Each structure stands twice: as structure tokens, then as C-alpha cells.
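Participant: Below is one structure. I have some questions about it.
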Amino acid sequence: MYLIKTSAVALAISMLALWTQAGEQLPFPVVTAVKQSVVREEKADAVVEAIQQATVSAQVSGRIIEVNVDVDDYVNKGSVIVRFRDTEQQSTLKSAQARYVEAEANYNRIQDVFKRKLASKSQLDSAEANFKAARATLEQAKEQLEHTVVRAPYSGIVVERLVEVGEMASIGQGLMTGISLERLRAVANVPQRYIDEVRQLGRARVIITDGKNQSIPGVKLTFSPYADPATHTFRVRVDLPVGQEGIYPGMYTKVAFVIGEEERLLVPTSAVVHRSEVTAVYVINDQGQVTLRQIRSGHELDDGHTEVLAGLQAGEQVAADPIAAGIYLKQQGNPAL
């Protein structure tokens with residue numbers, strides 16, 4: 027598959043009104059066949075997947091008292107999705123706070139006594155160690171209490187709810203699975219004969235095959251370091267720009283990987299005539315005469331142009347509207363091919 031490298035000036039399309047020798051204006055627009063640098067591509071089937079997809083698990087054991095979201099709900103980052111009963115954690119925190127206050131007061135007292143040389147260095151070290159241990163215990167108690175409130179790690183959609191209110195959950199048990207639709211990628215398998223070019227050029231676009239023929243340039247390519255021993259293909263992930271709408275994980279798509287560039291003679295695909303096994307274009311010479319000329323065509327590009335491999339030279343002009351050109355020839359007494 028090929029693409030024109032410069033889209034803005036893909037072809038020098040001159041909607042000229044050419045004149046015949048008799049001074050009659052041609053009743054159809056013409057285009058000039060020119061050579062352009064085109065990008066060679068190799069397409070591969072792909073599947074869209076979310077870059078951020080995770081199952082949130084319990085970090086404490088206990089009874090669930092709140093489940094605030096369900097499947098297909100949109101959740102903002104930091105929102106509370108599950109809450110555990112925290113009676114035990116609250117009690118542990120209060121006890122740790124009391125021990126911390128006591129240890130801090132004792133450490134400060136020993137420091138003051140030590141400064142007046144009424145306490146030994148070992149007494150000071152012991153008080154300092156107890157104070158640090160009490161502080162660590164307090165931090166741990168705070169963390170355990172925080173774990174009773176489960177928050178969304180990123181904004182996204184809930185795809186699976188794994189618990190209900192009233193259940194007893196244990197550490198490591200899955201609670202909720204979610205995905206982010208903000209960051210997506212397409213995953214494809216590239217044949218080994220193309221992988222060197224794909225690695226070197228590092229360019230690809232994702233084609234959404236849902237009837238819209240939407241083409242999205244990839245922003246980053248990530249390559250598997252080894253080939254699949256059964257298919258001899260390399261797995262390549264193509265990241266999409268952030269915030270794509272209408273694209274969802276699991277969708278079938280295609281990825282067009284750039285494998286090189288070549289110069290080709292191009293005409294609009296709409297200017298090419300297909301009659302039985304004959305492929306042709308209507309050519310206008312310097313005198314404004316119109317003739318139907320057979321050509322050998324190549325690839326049809328996604329942007330609406332076709333390669334001409336033989337039968338036409340760069341700079342020649344062809345009818346942009348072959349139907350109108352054919353009618354004109356008949357009216358001039360020159361029946362079409």
C-alpha cells in the first residue's frame with residue numbers, strides 16, 4: 027500500500043478550461059499527471075487495547091460496607107470506589123497515637139536531662155529508638171486506615187465489578203477492574219521480512235475499519251524483542267494520540283507500517299476508466315484534442331490517487347471527469363473505446 031508523502035500538494039490539479047483548435051472550451055476539468063514521492067506501507071490486522079488497564083485489589087481484610095460504582099460507570103481519578111469497615115483500624119490508630127505521644131514526651135524529657143548531664147547516652151539512645159518505633163507504628167496505622175478506602179488509580183470506565191456490599195474480602199482479592207479510554211494502542215503482528223524497515227523508519231498509522239476509514243498517526247512504536255516461533259511475526263504496539271473518541275478496547279482495526287518511499291506517476295483514481303479488461307484515461311494533447319488511452323495502473327492510494335506504471339508520461343493532462351469526457355467525444359463524432 028502506498029501514500030502520497032506530501033498531502034497538501036498531492037497533485038498539481040489544475041482545473042483548467044482548455045481550448046480546442048476551433049476555440050471551443052472543453053466542458054470538463056483536467057488534471058496534470060505528475061510524479062510524487064509516495065510512502066510504501068505494509069498493512070497488518072490489529073486489535074485496540076487500553077494502555078491503562080488494571081484490577082484494584084484489597085490491601086486490608088474486612089467487611090465491605092460501600093461499593094460506589096458499577097460496570098460501565100465513568101470514575102474520576104481519586105474517587106472512592108469501595109469502602110471497608112474500619113472499626114479495627116480506627117482503634118489501632120488511636121492506640122498508636124497514644125504510644126507516639128508518650129514516646130515523644132519521654133524522648134524530649136530524656137533529651138533535656140541529658141543536656142544537663144543527668145542521664146546517660148544509652149538512656150537517650152533508648153528513648154530515641156522508642157520514639158522512632160512509635161512514629162513508625164503510627165504511620166503504619168494511618169496507612170492501614172487509608173487502605174480501608176479504595177480509590178480509583180486513574181480516570182476511566184469500570185468494566186468488571188467483583189464484590190458486593192457485605193462481603194468479607196481478604197488481602198489481594200480483586201475488587202474492581204477498570205480501563206482508561208484516554209490512552210489506547212493498537213497491537214499488530216509484523217512479518218519478519220518487514221521488521222527491519224519498520225524498526226528503522228518507526229512510522230505507522232492506525233486505520234479504523236468501522237465504515238469511516240479513519241486514519242490516525244501513531245505517536246510511538248514499541249517492538250517485541252523476539253519473533254513468535256509459530257508465525258514468525260513480531261508483536262508491535264502502536265500508541266494512539268491521547269483522547270481519541272469513538273475508539274474502544276477490543277475493536278478490530280488495521281495498522282499501516284511505513285516500509286519505504288518511492289517516486290510514482292499519479293493521477294486521481296476518479297480519472298481512471300475501467301471497461302471490461304481495459305484500464306484507460308482520457309488524455310488531452312497540446313492542441314486540445316481528447317483521446318482515450320490505455321494505461322497500466324498500479325496501486326490505488328488511500329487518498330484517492332492511482333499509480334500509472336505505463337501508458338502515460340509526467341506532464342500530460344487527463345480528464346478529471348471521464349464520463350463528461352466520453353460524452354464530449356461522442357458529440358464530436360469520436361465514439362469511446
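Under my numbering, the first residue of the sequence shown is numbered 27, with each subsequent residue one higher. Every residue gets a Cβ at the ideal spot worked out from N, C-alpha and C, and that includes glycine. Nothing here was measured: the structure is a model prediction, and the numbers come from that model.
1. Starting from the Cα of Thr317, find the closest Cα among Gly182, Leu355, Asp329 and give me that residue.
2. So, does the region 61-69 touch the region 173-193, judging by three or more C-beta pairs under 8 Å?
3. His258: buried (16+ other C-beta within 10 angstroms of its C-beta) or exposed?
4. How about Val264 and Ala214: do their beta carbons lie closer than 8 Å?
5. Exposed or buried, what is Tyr308 when buried is set at 16 or more other beta-carbons lying within 10 Å of its beta-carbon?
6. In or out: Ala124 buried (at least 16 other Cβ within 10 Å) or exposed?
7. Using alpha carbons as the reference points, say which of Gln315, Ile107, Gly269 lies closest to Ser83.
8. What did DSSP end up calling Thr113 once you bin it into helix, strand or coil?
9. When the Cα atoms are used, what is the spatial distance from Ala306 to Arg209?
10. Where does Gln115 land, buried or exposed, given buried means 16+ other C-beta within 10 angstroms?
11. Note down, one range per segment and in chain order, each alpha helix (DSSP H) of at least 4 residues found wholly within the region 184-245.
12. Taking the alpha-carbon positions, what's the Tyr274 to Pro294 distance?
13. Can you grab the Cα-Cα spacing for the pair Val191 / Pro251, in whole Å?
14. Specify, as a first and last residue, the run of the alpha helix (DSSP H) that Phe54 falls within.
15. How big is the Cα-Cα spacing for Ala340 and Ser323?
16. Tell me Gly286's beta-bridge partners as DSSP assigns them.
Facilitator: This is what the structure holds:
1. Here residue 317 refers to the residue found at position 291 when the sequence shown is read from its first residue. With distances taken between Cα atoms, Thr317 lies closest to Leu355.
2. Judged by Cβ distances under 8 Å, the region 61-69 makes no contact with the region 173-193, as fewer than three pairs qualify.
3. If you number the sequence shown from 1, residue 258 lands on position 232. Exposed, by the Cβ-count rule.
4. Stepping through the sequence shown from its first residue, residue 264 is reached at position 238. Stepping through the sequence shown from its first residue, residue 214 is reached at position 188. Less than 8 Å divides the Cβ of Val264 from the Cβ of Ala214.
5. Within the sequence shown, numbered from 1, the residue matching residue 308 stands at position 282. Buried.
6. In the sequence shown, counting from the first residue as 1, residue 124 sits at position 98. If you draw a 10 Å sphere on the C-beta of Ala124, you find fewer than 16 other C-beta atoms in it, and that means exposed.
7. Position 57 of the sequence shown, counted from the start, is the residue given in the question as residue 83. Selected option, being the one with the closest Cα: Ile107.
8. For the purposes of this step, residue 113 is taken as the residue at position 87 of the sequence shown. Three-state DSSP puts Thr113 in a helix.
9. By 1-based counting over the sequence shown, the position of residue 306 is 280. By 1-based counting over the sequence shown, the position of residue 209 is 183. Ala306 and Arg209: Cα-Cα distance of roughly 46 Å.
10. Within the sequence shown, the letter at position 89 stands for residue 115. Result: buried.
11. Runs of the alpha helix (DSSP H) inside the region 184-245: 221-227.
12. Sequence index remark: in the sequence shown, residue 274 carries index 248 (1-based). Sequence index remark: in the sequence shown, residue 294 carries index 268 (1-based). The straight-line gap separating the alpha-carbon atoms of Tyr274 and Pro294 is approximately 34 Å.
13. The sequence position of residue 191 within the sequence shown is 165, counting from 1. The sequence position of residue 251 within the sequence shown is 225, counting from 1. Whole-angstrom Cα-Cα distance: 45 Å.
14. Translated into positions along the sequence shown, residue 54 becomes position 28. Taken as a continuous stretch (DSSP letters only), Phe54 belongs to no alpha helix (DSSP H), as it is neither H nor E.
15. Start at 1 with the first residue of the sequence shown, and residue 340 comes out as number 314. Start at 1 with the first residue of the sequence shown, and residue 323 comes out as number 297. Taking the straight line from one Cα to the other gives about 14 Å.
16. One-based indexing of the sequence shown puts residue 286 at position 260. Answer is Arg66, bridged to Gly286.
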